[in-house]
Amino acid sequence: MIENLFIFIVSLFLIIKGATLATKYSFQIAESYKLSKYIVGFIVVAVISIIPEILISINSALEGVPSLGLGTLFGGNVADMTLVFAIIIFFSRRSIKIDSKILKENIIYPFILLIPIVLGFDGYYSRWEGLGLIITGLIFYYLAFRNNSETQIVPNTELIKIKNRGKDFLYLILSMAVLITGSHFIVSSAVNLSIGLGVSSAIIGMLIIGVGTTMPELFFCLSAIKKNHDSLAIGDILGTVLADATVVVGILALINPFSFPQKIVYSTGIFMVLSSFILFHFMRSGRTLTKKESYLLLSFWIIFVFVEIILNS
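Residue 0 is where the sequence shown starts when you use numbering that gives the first Met the number 0, and the numbers rise one by one after that.
Right under this line is the structure:
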């Protein structure tokens with residue numbers, strides 16, 4: 000029991016550290032190519048941010064506990080759209096500005112998150128459903144890239160020198176190695192812990208690993224908000240959530256179609272969709288996210304935690 004707890008904590012630390020460093024160096028590489036702040040967040044940084052979830056989900060499927068991976072994805076998404084936003088607003092001590100273009104181009108965003116829920120009502124994801132989710136996510140990313148290819152460029156004063164790209168690529172690869180190591184051991188230790196504690200592996204995925212995998216987004220967004228790059232932070236979170244709900248679930252199903260407890264969809268999945276509708280409602284009200292709204296988002300996440308504990312006890 001103690002040994003599994005130690006392995007779990009060390010693995011979670013490796014995942015958070017590896018993902019944080021990978022996010023940092025991928026951002027610097029993207030900056031050197033002078034991509035827009037929103038695209039850097041929504042696509043480049045978000046793609047790196049979801050790697051822990053991809054590795055954990057694949058490993059959980061190989062270990063025969065796909066519910067842990069799915070719980071991590073959906074639970075992490077709820078935390079991203081509520082807890083993470085609440086924390087960055089609290090520490091920034093100001094409202095987060097919402098670009099009108101972001102709202103206009105993401106008008107169907109919450110409805111996209113409904114797709115994996117509808118497909119998962121029967122408690123099973125097939126390869127065809129997985130392929131459909133991947134295509135849906137990639138189309139949305141393509142449209143976002145096309146529509147934002149002419150947007151504001153990161154100031155030259157913040158661009159790293161092109162000659163540093165090689166070093167950043169090397170550090171990115173090393174960060175990925177740390178990520179892979181952590182994700183390999185966290186699944187087996189989480190399963191053993193769930194057996195020892197008498198709780199479901201899904202609840203560990205939703206509330207412990209799920210929150211842990213949001214740390215890279217949290218640290219990155221705190222840094223972005225501190226530099227007044229609000230669109231960068233918003234893009235990172237929205238891009239990560241979309242990728243987790245479509246591309247990552249799709250990859251998992253494509254590699255190995257799997258069954259899972261339907262309550263993950265009916266509870267965690269519904270909370271994920273509801274949190275997206277609430278978040279976008281707040282973003283449209285005055286085109287800012289205020290401190291009052293951050294408290295409401297935090298309250299929603301706390302309700303989610305209590306409901307999941309009750310349903311999985």
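Ideal Cβ positions, reconstructed from N, Cα and C, are used throughout, including at glycine.
All figures in this text were calculated on a predicted structure; none of them were measured in a lab.
Which of helix, strand or coil does DSSP assign to residue 87?
For the purposes of this step, residue 87 is taken as the residue at position 88 of the sequence shown. Residue state, collapsed to three classes: helix.
Under the three-state DSSP convention, the category residue 287 falls into
One-based indexing of the sequence shown puts residue 287 at position 288. DSSP places residue 287 in strand when its eight states are reduced to three.
Tell me which same chain residues have a C-beta within less than 7 Å of the C-beta of residue 112, skipping the five on either side of it?
For the purposes of this step, residue 112 is taken as residue 113 along the sequence shown, with counting starting at 1. Here the set comprises 244, 271, 272, 275.
Please classify residue 329: is it buried, with 16 or more other beta-carbons within 10 angstroms of its beta-carbon, or exposed?
With the chain running from 0 to 312 in the structure shown, residue 329 is simply not present.
Going by C-alpha to C-alpha distance, which of 308, 305, 292 sits closest to residue 92?
Counting from 1 along the sequence shown, the entry for residue 92 is found at position 93. Selected option, being the one with the closest Cα: 292.
Mind checking whether residue 213 and residue 70 have CB atoms under 8 Å apart?
Position 214 of the sequence shown holds residue 213. Position 71 of the sequence shown holds residue 70. Not closer than 8 Å, so no.
Which class does residue 106 belong to by DSSP, given the choice of helix, strand or coil?
For this step, residue 106 is matched to residue 107 along the sequence shown. In this structure, residue 106 counts as coil in the three-state DSSP scheme.
By alpha-carbon positions, which one of 287, 305, 250 ends up nearest to residue 125?
For the purposes of this step, residue 125 is identified with residue 126 of the sequence shown, where counting begins at 1. Of the listed residues, the one whose Cα sits closest to residue 125 is 250.
Could you check how far apart the C-beta atoms of residue 73 and residue 267 are, in whole angstroms? I think they sit under 8 Å.
Position 74 of the sequence shown, counted from the first residue, corresponds to residue 73. Position 268 of the sequence shown, counted from the first residue, corresponds to residue 267. Contact flag correct, Cβ pair sits at about 4 Å.
Give a yes or no on whether the C-beta atoms belonging to residue 115 and residue 132 are separated by under 8 Å.
By 1-based counting over the sequence shown, the position of residue 115 is 116. By 1-based counting over the sequence shown, the position of residue 132 is 133. Cβ atoms of residue 115 and residue 132: closer than 8 Å.
Residues near residue 157 in its chain [Cβ-Cβ closer than 6 Å; skip 5 each side]:
As a position in the sequence shown, residue 157 is number 158, starting the count at 1. Residue placement at residue 157 is poorly supported in this model, since its pLDDT is 47, which falls under 50; the coordinates are not used for a value here.
With the cut-off set at 8 Å, would you say residue 90 and residue 221 are in Cβ contact?
Residue mapping note: residue 90 aligns to position 91 of the sequence shown, counting from 1. Residue mapping note: residue 221 aligns to position 222 of the sequence shown, counting from 1. Cβ atoms of residue 90 and residue 221: closer than 8 Å.
Return the Cβ separation of residue 60 and residue 259 in integer angstroms, given the expectation that the two are a contact with Cβ distance under 8 Å.
Within the sequence shown, residue 60 is the residue found at index 61, counting from 1. Within the sequence shown, residue 259 is the residue found at index 260, counting from 1. That pair is no contact at about 10 Å.
In its own chain, which residues sit with a C-beta less than 7 Å from the C-beta of residue 13, not counting the 5 before and 5 after it?
Counting from 1 along the sequence shown, the entry for residue 13 is found at position 14. Hits under 7 Å: 177, 180, 181.
Terminal residues of the continuous alpha helix (DSSP H) containing residue 98?
Position 99 of the sequence shown holds residue 98. In the DSSP assignment, residue 98 falls outside any alpha helix (DSSP H), carrying neither H nor E.
Taking only the alpha-carbon atoms, compute the straight-line gap between residue 285 and residue 269 and give it to the nearest angstrom.
Against the sequence shown, residue 285 aligns to sequence position 286. Against the sequence shown, residue 269 aligns to sequence position 270. If you take the alpha carbons of residue 285 and residue 269, they lie about 26 Å apart.
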